[in-house]
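**Student:**
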Amino acid sequence: MAGDIFDVAIIGAGPAGLAAGLYAARAGYKTIIIEKFAPGGQIVNTDRIENYPGIDRIDGWTLIQTMQGQVQRFGGQIQLGNEVTKVGRTDDGLVTVTCTAQSYLARAAIIAVGSTYRTLGVPGEDRFRSAGAGVSYCGTCDGPFFKGKEVVAVGGGNTAVEEALVLARYCKKVTLVHRRSQFRADKVLVDELLAKVGQKDTNLVILYDSILTSINGKDKVQSVTIKNLTTGSQQDYPCDGVFIFVGMTPNTGFLAGSVGLTDNRLVRCDPATLCTDLPGVFVAGDCRVGSAMQLATAVGDGVHAAIRLKDYLKDPDWWHMPA
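According to this note's numbering, the sequence shown holds residues 275 to 597 in order.
#1: First and last residue of the beta strand (DSSP E) that includes VAL451?
#2: How should VAL462 be labelled, buried or exposed, when 16 other C-beta atoms within 10 angstroms of its C-beta is the threshold for buried?
#3: Which residue spans inside the segment 475-531 form an unbroken beta strand (DSSP E) run of at least 3?
#4: Fully enclosed by the segment 286-368, which beta strand (DSSP E) runs are 3 residues long or longer?
#5: On the DSSP bridge assignment, give the partners of ASN420 in chain order.
#6: Cβ of ARG504 within 9 Å of Cβ of VAL479?
#7: My output table needs one value for THR393: the three-state DSSP class, helix, strand or coil.
#8: Return the CA-CA distance between PRO553 and TRP593, expressed in angstroms with no decimal places.
#9: Could you tell me which of LYS310, LEU439, CYS415 sits nearest to VAL464, measuring between CA atoms?
#10: Please report how far the alpha carbon of VAL358 lies from the alpha carbon of VAL428, in whole angstroms.
#11: Quick one, are the C-beta atoms of ARG454 and TYR482 less than 9 Å apart?
#12: Do the CB positions of LEU379 and VAL387 come within less than 9 Å of each other?
#13: Applying the 10 Å Cβ sphere with the 16-neighbour rule, what's the burial state of ILE329?
#14: Can you tell me whether DSSP reads CYS549 as helix, strand or coil?
#15: Specify, as a first and last residue, the run of the beta strand (DSSP E) that ARG381 falls within.
#16: I need the DSSP call for CYS373, collapsed to helix, strand or coil.
#17: Take the Cβ of LEU354 as the centre, count every other Cβ of all protein chains shown within 10 Å, and call the residue buried at 16 or more, exposed below.
#18: Between the alpha carbons of TYR303 and ASP475, how many angstroms are there, rounded?
#19: Does GLN473 pass the burial test, meaning 16 or more other C-beta atoms within 10 Å, or should it be called exposed?
#20: Excluding the five sequence neighbours on either side, which residues of its own chain have a C-beta within less than 8 Å of the C-beta of ASP321, listed in chain order?
#21: Can you tell me whether DSSP reads ALA407 as helix, strand or coil?
#22: Looking at chain B, is there any beta carbon in it that lies within less than 9 Å of the beta carbon of GLN316?
#23: In the DSSP assignment, what residue or residues form a beta bridge with ALA283?
#24: Under 6 Å Cβ to Cβ from GLY559, same chain only, skipping five residues before and after it: list those, please.
#25: Suppose contacts are defined by Cβ-Cβ distances below 9 Å. Is ALA294 in contact with ALA579 by that definition?
#26: Give every residue of the same chain whose Cβ lies closer than 6 Å to the Cβ of GLY434, excluding the five residues on either side of it in the sequence, and list them in chain order.
#27: Going by the beta-carbon positions, is the gap between GLY534 and THR550 smaller than 9 Å?
#28: Taking the alpha-carbon positions, what's the GLN339 to ALA442 distance?
#29: What is the residue span of the alpha helix (DSSP H) that VAL462 lies within?
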């Protein structure tokens, strides 16, 4: 372990982690943010952000660079290329953050590792992976960019159904491709979807028992290739964009056995305080139970965790008090 003891070690340099780092460092706490790769997480792949309050339009990379600069300006340290492999506690109540390179001791920690979109792994997906080029993983975020256009959505769970209904508010046509003959989503959502599909002049179409086998285009998405799993037939299906809703994977594998996780590997926490079941360890952003999976809420979580952190650092017994 490093000789210095930090007031707070933040795991992850995405929007939640950087927001937490800004508030902690600005409050005068000795702060370090530890990041496996580069700052930003999923948001750096977004070329147009128009739903962040107070900013008319910005790209993900510029936003993250600005946030990183703010953290460092107030004295927060950011260490890149260092993967956290374990979180624990010493007998005297310090949090241990074990890493592949340098490891750390801190009075408290904030887990802000985010989640990763599951992909289809089909040709063209990586090439067009931005709303500007035509592939997106968030209808709420990017649906307005496709106003009046025709899009294809993929998935069959709650998120896929909810997001398809969101897209239908903006798009000229939404085709939902599902690999099964029935949806896995909650019945109330499926009923709403089918009611929309059944309306006269609906702009929603469902293709059951089907999968995408490729995403095609030149500079932008122009079509997808859809295969019917029952007949084996394939068709080239024109569209302006593709929305992929096949789930997210929290980046929390290293936490197994350290903090409580759900079956889907989301970090369990008290929603009022963002406390995990390991004293001194908070959680923020898309890796926690109950996250709205939005940029603004991830940033809000980071701020919230940093503010509650002050209560714990003043009095560790606060952790066991009612919220």
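Just so you know, even glycine gets a beta-carbon here, dropped at the ideal spot from N, CA and C.
**Tutor:** Answer, in terms of the structure:
#1: Locating residue 451 in the sequence shown gives position 177, where the first residue counts as 1. VAL451 -> beta strand (DSSP E) spans 447-451.
#2: Counted from its first residue, the sequence shown places residue 462 at position 188. With fewer than 16 other Cβ atoms within 10 Å, it is exposed.
#3: 478-481, 484-491, 495-502, 508-512, 515-518, 522-524
#4: 305-309, 351-354, 358-363
#5: Residue numbering aside, residue 420 sits at position 146 when the sequence shown is read from its first letter. What sits at residue 420 in the sequence shown is Phe, not Asn. DSSP output for PHE420 lists no bridge partner at all.
#6: Against the sequence shown, residue 504 aligns to sequence position 230. Against the sequence shown, residue 479 aligns to sequence position 205. The sequence as given places Thr at residue 504; Arg does not occur at that position. For THR504 and VAL479, no; Cβs fall outside 9 Å.
#7: Here residue 393 refers to the residue found at position 119 of the sequence shown. Correct three-state label for THR393: coil.
#8: If you number the sequence shown from 1, residue 553 lands on position 279. If you number the sequence shown from 1, residue 593 lands on position 319. The straight-line gap from Cα to Cα measures roughly 7 Å.
#9: Residue mapping note: residue 464 aligns to position 190 of the sequence shown, counting from 1. The shortest C-alpha separation from VAL464 is found at LEU439.
#10: What you label residue 358 is simply residue 84 of the sequence shown in a count that begins at 1. What you label residue 428 is simply residue 154 of the sequence shown in a count that begins at 1. When rounded, the distance between both Cα atoms is 33 Å.
#11: Locating residue 454 in the sequence shown gives position 180, where the first residue counts as 1. Locating residue 482 in the sequence shown gives position 208, where the first residue counts as 1. Yes. Within cutoff.
#12: What you label residue 379 is simply residue 105 of the sequence shown in a count that begins at 1. What you label residue 387 is simply residue 113 of the sequence shown in a count that begins at 1. No, these two residues do not count as a Cβ contact at 9 Å.
#13: Position 55 of the sequence shown, counting from 1, holds the residue named residue 329. The residue is exposed, with fewer than 16 neighbouring Cβ atoms inside 10 Å.
#14: Position 275 of the sequence shown, counted from the first residue, corresponds to residue 549. Reduced to three states, the DSSP call for CYS549 is strand.
#15: Working through the sequence shown from its first residue, we reach residue 381 at position 107. Going by DSSP, ARG381 is part of the beta strand (DSSP E) stretching over 378-385.
#16: Locating residue 373 in the sequence shown gives position 99, where the first residue counts as 1. It is a strand residue.
#17: The residue labelled residue 354 in the question sits at position 80 within the sequence shown. With fewer than 16 other Cβ atoms within 10 Å, it is exposed.
#18: Along the sequence shown, one-based indexing puts residue 303 at 29. Along the sequence shown, one-based indexing puts residue 475 at 201. Cα to Cα, the separation comes out at about 59 Å.
#19: Numbered from its first residue, the sequence shown carries residue 473 at position 199. Result: exposed.
#20: To locate residue 321, count along the sequence shown from 1; it is residue 47. Excluding residues within five positions, the ones whose Cβ falls inside 8 Å are ASP333, GLY334, SER404, ALA405, GLY406.
#21: The residue labelled residue 407 in the question sits at position 133 within the sequence shown. Residue state, collapsed to three classes: coil.
#22: Although the question refers to chain B, the structure presented lacks it and comprises just one protein chain.
#23: Numbered from 1 along the sequence shown, position 9 holds the residue referred to as residue 283. Answer by DSSP bridge pairing, in chain order: ILE306, ALA383.
#24: To locate residue 559, count along the sequence shown from 1; it is residue 285. Within the same chain, GLY559 has close Cβ partners ALA290, ALA386, GLY388, ALA572, ASP575.
#25: One-based indexing of the sequence shown puts residue 294 at position 20. One-based indexing of the sequence shown puts residue 579 at position 305. Using a Cβ distance threshold of 9 Å, ALA294 and ALA579 count as a contacting pair.
#26: Start at 1 with the first residue of the sequence shown, and residue 434 comes out as number 160. First, the residue type needs correcting, since residue 434 is Ala and not Gly in the sequence shown. Answer for ALA434: PHE519, listed in chain order.
#27: For the purposes of this step, residue 534 is identified with residue 260 of the sequence shown, where counting begins at 1. For the purposes of this step, residue 550 is identified with residue 276 of the sequence shown, where counting begins at 1. Yes.
#28: Your numbering for residue 339 matches position 65 in the sequence shown. Your numbering for residue 442 matches position 168 in the sequence shown. If you take the alpha carbons of GLN339 and ALA442, they lie about 34 Å apart.
#29: Numbered from 1 along the sequence shown, position 188 holds the residue referred to as residue 462. From DSSP, the alpha helix (DSSP H) with VAL462 extends over 461-471.
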